[in-house]
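Each remark here refers to the structure printed beneath this line.
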Amino acid sequence: MKVRLFYLSIIGLLLAGVFSACNNKSDITPEEPTATPVEIQLENDTLSVPVGETSTTKILKGGGNYKVINESPDIAVASLENNAITIKSLQKGITACIISDDAGNYKRVTIKSMYMSILLDKEEISISKILGHDAGDQKVVVKKGNGDYQVKSENTDVAQFLRVQGDTAIYIRGVHSGETMVNITDAAGLVAKVKVTVAETDVPYTDNEKAEIMNSNVKRIAWNEGKVINWSGYNYLQAINTKEGNKNKIGFEYQDYQYLRLFFDGDESVGVYDNAKIEARLQFYGPITTFDNVKVEIIKNDGTNVWGIMSVIKNKYLYRGYFCMPKQ
């Protein structure tokens, strides 16, 4: 009997503990799960869009109810439709748009509005020039490109890059006869090529230039693209056209301080005379320069005046000049 009472007491205590534990559990309030924030995720964070065209990227994740802000709508405009961002490029430049959602997220999308190729006004140029002279520069205009142009000639003995003017005009100078390519690279790394053909001539004056020289009877002489020397009643320089020995002597002089003297054979009739000589001291007390094997061509003799041109090649450079003097 006592044993039964003992076991009943033990069972009662156990049941009381169970009920007490159940009551304690019912007092605990379960915690609700915390939502994980979703950031805006796009297919592309940077878009390169050809000028005048459109490009699209999708919103993959985010808080919904998206809105867009354009930083530079004059360069490119972004619009939203069905979680797709469409960007219209208007002109060259770099800008961005801002995407926002209902969760307070923001995403900046970089937009590179750019040309995908360089367009030039010409792809070939021909340069005709006098041997050794710098005249004959040509201009190539960039009609479409991304700016900041770097220009390099593949053969600087044929053609050289001079300068970029106004970010669109590229100047190229012919050096010596031949062909080469000039490469133009823009800020995006795009490259355009220009074929350059240079043709040098050793003809000192064209027919049109000769006609222009003969069209004026002003007494004058010019040499090596320098200042044209002419005479007036107040000029201290003395014009000369005389004989010195058996040679003609044409030019100007102020004693031996300053002068340009041309010596050649012949009678000053129209024609070509070889083996002439020039002695030049073009500045007062300046250095004296002598040119041998000069070719002289009398292009006009009207009985009152005589017109002529002279030229010589020295060190791959064509020196040239012309004159109009009273006939001997």
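Here this note's numbering is used: the first residue of the sequence shown is 1244, the next is one more, and so on.
The beta carbon of each residue, even a glycine, is placed where N, CA and C say it ideally should be.
Exercise. If you compare alpha carbons, which of D1429, T1440 and D1410 is closest to T1423?
Worked result: The residue you call residue 1423 lines up with position 180 of the sequence shown. Its Cα nearest to that of T1423, the residue T1440 stands out among D1429, T1440 and D1410.
Exercise. Which word fits K1268, buried or exposed, when buried means at least 16 other C-beta atoms lie within 10 angstroms of its C-beta?
Worked result: Within the sequence shown, residue 1268 is the residue found at index 25, counting from 1. Legend: pLDDT at K1268 = 48, less than 50; position of this residue unreliable, no value from coordinates given.
Exercise. For D1450 versus G1388, is the C-beta spacing smaller than 8 Å?
Worked result: As a working mapping, residue 1450 is identified with position 207 in the sequence shown. As a working mapping, residue 1388 is identified with position 145 in the sequence shown. Contact: no.
For this session: Count the C-beta pairs between the stretch 1397 to 1407 and the stretch 1445 to 1461 that are closer than 8 Å, then say yes if the count reaches three, no if not.
Result: The stretch 1397 to 1407 vs the stretch 1445 to 1461: no contact.
Problem set entry | Between the CA atoms of E1314 and N1322 - distance to the nearest angstrom | Residue mapping note: residue 1322 aligns to position 79 of the sequence shown, counting from 1. Residue mapping note: residue 1314 aligns to position 71 of the sequence shown, counting from 1. Reading the sequence as shown, one finds Ser at residue 1322 and not Asn. Taking C-alpha positions only, S1322 is separated from E1314 by approximately 12 Å.
Exercise. When the Cα of T1338 is compared with those of T1289, T1300 and M1568, which residue comes out closest?
Worked result: Here residue 1338 is taken as the residue at index 95 of the sequence shown, counted from 1. Of the candidates T1289, T1300 and M1568, the residue whose Cα lies closest to the Cα of T1338 is T1289.
For this session: In the DSSP assignment, find the alpha helix (DSSP H) that holds I1456 and state where it starts and stops.
Result: For the purposes of this step, residue 1456 is taken as the residue at position 213 of the sequence shown. I1456 -> alpha helix (DSSP H) spans D1450 to M1457.
For this session: Whole angstroms is fine: what's the gap from Q1334's alpha carbon to S1554's?
Result: Translated into the one-based positions of the sequence shown, residue 1334 becomes position 91. Translated into the one-based positions of the sequence shown, residue 1554 becomes position 311. So the alpha carbons of these two residues sit roughly 54 Å apart.
Exercise. For L1433, does the three-state DSSP call read helix, strand or coil?
Worked result: In the sequence shown, counting from the first residue as 1, residue 1433 sits at position 190. It is coil, neither helix nor strand.
Problem set entry | Chain-order list of residues whose beta-carbon lies under 7 Å from that of D1344 (same chain, five-residue window excluded) | Counting from 1 along the sequence shown, the entry for residue 1344 is found at position 101. Around D1344: I1283, G1305, G1306, G1307, N1308 and Y1309.
Exercise. Going straight from the alpha carbon of V1384 to that of E1324, what length do you get?
Worked result: Stepping through the sequence shown from its first residue, residue 1384 is reached at position 141. Stepping through the sequence shown from its first residue, residue 1324 is reached at position 81. So the alpha carbons of these two residues sit roughly 40 Å apart.
Exercise. Given V1261, which residues of its chain have a CB within under 6 Å of its CB, disregarding the five upstream and five downstream residues?
Worked result: Residue 1261 sits at position 18 when you count from the first residue of the sequence shown. Only weak support is given to the placement of V1261: the predicted model assigns it a pLDDT of 45, under 50, and the question is left unresolved by the model.
Exercise. Which first and last residues belong to the beta strand (DSSP E) in which Y1542 is found?
Worked result: By 1-based counting over the sequence shown, the position of residue 1542 is 299. The sequence given here places Ile at residue 1542; Tyr does not occur at that position. Here the beta strand (DSSP E) through I1542 covers T1532 to N1544.
Exercise. Where S1291 and I1368 are concerned, what is the direct C-alpha to C-alpha distance, given to the nearest angstrom?
Worked result: Numbered from 1 along the sequence shown, position 48 holds the residue referred to as residue 1291. Numbered from 1 along the sequence shown, position 125 holds the residue referred to as residue 1368. Straight-line measurement puts the Cα of I1368 at about 33 Å from the Cα of S1291.
Problem set entry | Close-in-space but distant-in-sequence residues of the same chain around M1457 (CB under 7 Å, 5 per side omitted) | Here the question's residue 1457 lines up with position 214 in the sequence shown. If you ignore the 5 residues before and after M1457, its C-beta comes within less than 7 Å of the C-beta of I1542, K1543 and W1550, all in its own chain and listed in chain order.
Problem set entry | Limits of the unbroken beta strand (DSSP E) element including M1357 | Taking the sequence shown and counting its residues from 1, the one referred to as residue 1357 is at position 114. Run containing M1357: Y1349 to M1357, per the beta strand (DSSP E) assignment.
Exercise. Are there 16 or more other CB atoms within 10 angstroms of the CB of E1286, so buried, or fewer, so exposed?
Worked result: As a first step, residue 1286 is located in the sequence shown; it is residue number 43 there, counting from the start. Label assigned to E1286: exposed.
Problem set entry | Residues near A1319 in its chain [Cβ-Cβ closer than 7 Å; skip 5 each side] | Taking the first residue of the sequence shown as position 1, residue 1319 is located at position 76. Apart from sequence neighbours up to five positions away, the residues of its chain that approach A1319 with a beta-carbon distance below 7 Å are V1292, I1330, K1331, S1332, L1333, T1338, I1354 and S1356, ordered along the chain.
For this session: In the DSSP assignment, find the beta strand (DSSP E) that holds N1491 and state where it starts and stops.
Result: Indexing the sequence shown from 1 puts residue 1491 at position 248. Start and end: K1490 to Y1497.
Exercise. Should M1359 be labelled buried (16 or more other beta-carbon atoms within 10 Å of its own) or exposed?
Worked result: The sequence position of residue 1359 within the sequence shown is 116, counting from 1. Only exposed fits M1359, as fewer than 16 other CB atoms lie within 10 angstroms of its CB.
Problem set entry | First and last residue of the uninterrupted beta strand (DSSP E) at P1569 | Reading the sequence shown from its first residue, position 326 is the one you call residue 1569. Run containing P1569: L1561 to P1569, per the beta strand (DSSP E) assignment.
Exercise. What's the gap between the Cα of A1379 and the Cα of A1412?
Worked result: Counting from one through the sequence shown, the residue named residue 1379 turns up at place 136. Counting from one through the sequence shown, the residue named residue 1412 turns up at place 169. At residue 1379 the sequence reads Gly, which differs from the Ala that was named. The C-alpha of A1412 is placed about 16 Å away from the C-alpha of G1379.
Exercise. F1404 bridges to which residues according to DSSP?
Worked result: Working through the sequence shown from its first residue, we reach residue 1404 at position 161. Checking the DSSP bridge columns, you'll see F1404 partnered with I1415.
Problem set entry | G1336, enclosing beta strand (DSSP E) - first and last residue | For the purposes of this step, residue 1336 is taken as residue 93 along the sequence shown, with counting starting at 1. Per DSSP, the unbroken beta strand (DSSP E) holding G1336 starts and ends at G1336 to S1343.
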